[in-house]
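K.L.:
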Amino acid sequence: MEDQARIMQSLGGVTLAAHSVQGGMALPPPHGHEGTDGDGRKQDIGDILHQIMTITDQSLDEAQAKKHGLNCHRMKPALFSVLCEIKEKTGLSIRGAQEDDPPDPQLMRLDNMLLAEGVSGPEKGSASAAAAAAAAAVGGGADNSIEHSDYRAKLTQIRQIYHTELEKYEQACNEFTTHVMNLLREQSRTRPISPKEIERMVGIIHRKFSSIQMQLKQSTCEAVMILRSRFLDARRKRRNFSKQATEILNEYFYSHLSNPYPSEEAKEELAKKCGITVSQVSSIGSTLTPTVSNWFGNKRIRYKKNIGKFQEEANLYAAKTAVNAAHAVAAAVQNSQANSPTTPNSGSSGSFNLPNAGDMFMSMQSLNGASYQGAQVGGSVQSQGDTIRHAISQAVGYSDGLRGHLYSPHGLNVNGGWHDAPTPSSVTSPTEGAGSVHSDTSN
DNA sequence: GGGGATGATTAGTC
DNA sequence: GACTAATCATCCCC
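Structure (structure tokens):
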């Protein structure tokens, strides 16, 4: 320690001296200190530094021996403290420049996406949740569940690959970090390396590895996107309504031909009856099941476009609804006769099987070849009841000889709009309450 | 395979 | 937000 203190004092401008050595130059004489004693010390330091400079040119054994010699040299602590001072000065600027890197937004996006897709994060988390959501959106069909499980299986595969690769990267990163730290600790015996510097080096290594990890995450995201798009493409495939569903929808459409705008409640009930959805509700995309809203939208347009083509269909459904009405009314009449002659038609069909009385009236008029003359709303309850009774007899008689009768396209006005559908979004059937799917024949 | 039927999508309107 | 009209894409029958 005495030597060290003396050297520090005698050298004065240590940094300059050290820099000179680093540049391969001879040490300059200490300022204001000359003499034989100073020359000797200068010679010692010069020797040590020269040995350090040439150590890499020597063979391993030779270098080890030299290293040992240097470590044991009496001047080593003095030299070490000089190097410490230099490092302290240069280290400050490096530290200031490299600390507190903000989190990479790209990496954050990738992380969020992988988490949302259920690739990263807990096993039972969003992967199955997303798949379950997809399944819920799709409905309950057998082929749907196959698609669902297929999607889930492929997602699990991606997840497994991702985690395996991630583990590999982490392991490699840890190994490399440990290796570098050991190396630095070893080197710290011959040159000054502070813990903070080791920490900084570890940070650099982690940054390098995290850039590799980012590539892995990017590839995984791409794979998920491809899988997702393929899966959704498969889901976008059009599925036709079942025959029964089409029947139900057509029945409603033709029985409300004057105003084929089902309310939300009506749509919901129709959807329930048909086993379909009201509208597109999936967050993932289109559903497999066709929707009531789509169906009515398409039906209205196609009916309007080509009324002639739909005449036969309209006749069929008019007859069908008439027969239904006949049965219901007959039952109601029987009921009322049996129970109380003063309360006719107390029964209900329980569904929209029976048409809107006004439309029913129109349908039957059409079946008779008569054109629809006026608004259907005005009729009294009694007169509608009479009309229905009249319709019953007509319908029963028509059920066989229906084909060939002209169905007059009612409900549409000259401009192509529906008669009494002033505000389509808030339509209520003329003779029934808003959203009622049930027949108002009992009126 | 062709063509009509039909469910979904999209842009524009109210 | 619901609707229309045009269009796309797929299904399904011949």
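Residue numbers for the first sequence, in the working numbering: 105 to 547. Even for Gly, the Cβ is constructed at its ideal location relative to N, Cα and C.
Express the C-alpha separation of Leu214 and Ile309 in angstroms, rounding to a whole number.
P.N.:
Cα to Cα, the separation comes out at about 21 Å.
K.L.:
Grouping DSSP H, G and I as helix and E and B as strand, with all else coil, what is Thr395?
P.N.:
Three-state result, Thr395: strand.
K.L.:
Considering Cα atoms alone, identify which of Pro364, Val396, Leu361 is closest to Ala376.
P.N.:
Residue identity differs from the one stated: residue 376 is Lys in this sequence, not Ala. Nearest of Pro364, Val396, Leu361 to Lys376, Cα basis: Val396.
K.L.:
Name the one or two DSSP bridge partners that Thr381 has.
P.N.:
Note: Thr381 sits in a beta bridge opposite Thr395.
K.L.:
Considering only residues of the same chain and omitting the five flanking positions on each side of Ile262, which have a CB-CB separation below 8 Å?
P.N.:
Closer than 8 Å at the Cβ level, and outside the excluded window around Ile262, lie Val223, Thr324, Ala327, Val328, Leu331.
K.L.:
Closer than 8 Å by C-beta to Lys424: which residues in its own chain qualify, once you throw out the five before and the five after it? Chain order, please.
P.N.:
Correct list, in chain order: Glu355.
K.L.:
So, does the stretch 279–292 touch the stretch 302–316, judging by three or more C-beta pairs under 8 Å?
P.N.:
Contact between the stretch 279–292 and the stretch 302–316 is present, because at least three Cβ pairs lie under 8 Å.
K.L.:
For His172 versus Ile152, is the C-beta spacing smaller than 8 Å?
P.N.:
Not closer than 8 Å, so no.
K.L.:
With C-beta atoms as the reference, is Ala422 less than 8 Å away from Tyr365?
P.N.:
Not in contact: Ala422 and Tyr365 (Cβ atoms no closer than 8 Å).
K.L.:
Just how far apart, CA to CA, sit Gly389 and Asn363?
P.N.:
Only weak support is given to the placement of Gly389: the predicted model assigns it a pLDDT of 35, under 50, and the question is left unresolved by the model.
K.L.:
Beta-carbon within less than 6 Å of Met318's beta-carbon, same chain only, minus the 5 sequence neighbours each way: which residues are those?
P.N.:
Cβ neighbours of Met318 beyond the five flanking positions: Leu211.
K.L.:
From Val433 to Ile411, what does the alpha carbon distance come to, in whole angstroms?
P.N.:
Cα-Cα distance, rounded: 30 Å.
K.L.:
What number of angstroms, rounded off, separates the C-alpha of Asn294 from the C-alpha of Lys312?
P.N.:
The amino acid occupying residue 294 in the given sequence is Thr; Asn does not appear at that position. If I take the Cα positions, the gap works out to 27 Å.
K.L.:
Excluding the five sequence neighbours on either side, which residues of its own chain have a C-beta within less than 6 Å of the C-beta of Lys191, listed in chain order?
P.N.:
Correct list, in chain order: Pro296.
K.L.:
Distance, Cα to Cα, Gly380 vs Asn419?
P.N.:
Reading off the sequence shown, one finds Ile at residue 380, where the question assumed Gly. Looking at the two C-alpha atoms, the distance is approximately 26 Å.
K.L.:
Cα separation between Glu368 and Lys408?
P.N.:
Roughly 22 Å separates the two Cα atoms.
K.L.:
Classify Arg289: buried if its beta carbon has 16 or more other beta carbons within 10 angstroms, exposed otherwise.
P.N.:
By the neighbour-count rule (16 or more Cβ atoms within 10 Å), Arg289 is not buried but exposed.
K.L.:
Let me know if Ala430 comes out buried or exposed under the rule of 16 or more other beta-carbons within 10 Å of its beta-carbon.
P.N.:
Burial call: buried.
K.L.:
Between Lys300 and Leu218, is the Cβ-Cβ spacing less than 8 Å?
P.N.:
Against a cut-off of 8 Å, the Cβ pair of Leu218 and Lys300 comes out as no contact.
K.L.:
Exposed or buried, Leu164, counting other C-beta atoms within 10 Å across all chains shown (16 or more means buried)?
P.N.:
By the 10 Å Cβ count, Leu164 comes out exposed.
K.L.:
With distances taken Cα to Cα, identify the nearest neighbour of Trp399 among Ala436, Leu361, Thr350, Gln415.
P.N.:
Closest by alpha carbon: Thr350.
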